[in-house]
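*Asks:* Residues in the sequence shown are numbered from 150 upward in steps of one, following my numbering. Backbone N, C-alpha and C fix where the C-beta goes; we use that ideal spot for every residue, glycine too. Shown below is the structure under consideration.
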Amino acid sequence: MSDMLPIVDILADATTHDERAKWLFACPYWVINREHMNIRRILQQSGLIAGVGYLEAVQSLTNARRLPDGSLPHTIVLSAEIAAQDLRAAARASVEGAE
150 MSDMLPIVDI LADATTHDER AKWLFACPYW VINREHMNIR RILQQSGLIA GVGYLEAVQS
210 LTNARRLPDG SLPHTIVLSA EIAAQDLRAA ARASVEGAE
């Protein structure tokens, strides 16, 4: 038993970058904001650097000051989308490399 939330233990137990990426894409934002240091450590130790980039982009997205109309600045949204594409590519490369 660790001091992390059980949902973060799932990430820690993941054995592939593909599993880690799927976890990141499904993880609620509140978990990412609360446990970002544990998540970062897990991703760094696993070597999933694109996952760290995605984590940072999501944190920027969820903590950004919204525009007067309630939308987010396009630069922040675009950064998160690019980080998501990079994470998908890293996960796909790890699956293809394992075959």
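Got a sec, what are the start and stop residues for the alpha helix (DSSP H) R169 sits in?
*Replies:* 166-175
*Asks:* Considering only the beta carbon of each residue, do D167 and S243 sit closer than 8 Å?
*Replies:* yes
*Asks:* In the structure shown, what three-state DSSP assignment does A163 receive?
*Replies:* coil
*Asks:* So, helix, strand or coil for P155, using DSSP?
*Replies:* helix
*Asks:* So, is L236 buried or exposed, given that buried needs 16 or more other C-beta atoms within 10 angstroms?
*Replies:* Classification for L236: buried.
*Asks:* Does DSSP put I183 in a helix, a strand or coil?
*Replies:* Note that residue 183 is Arg in the sequence shown, not Ile. Three-state DSSP puts R183 in a helix.
*Asks:* State the Cα-Cα distance for the pair E184 and D218, rounded to the nearest angstrom.
*Replies:* The alpha-carbon atoms of E184 and D218 are separated by roughly 30 Å.
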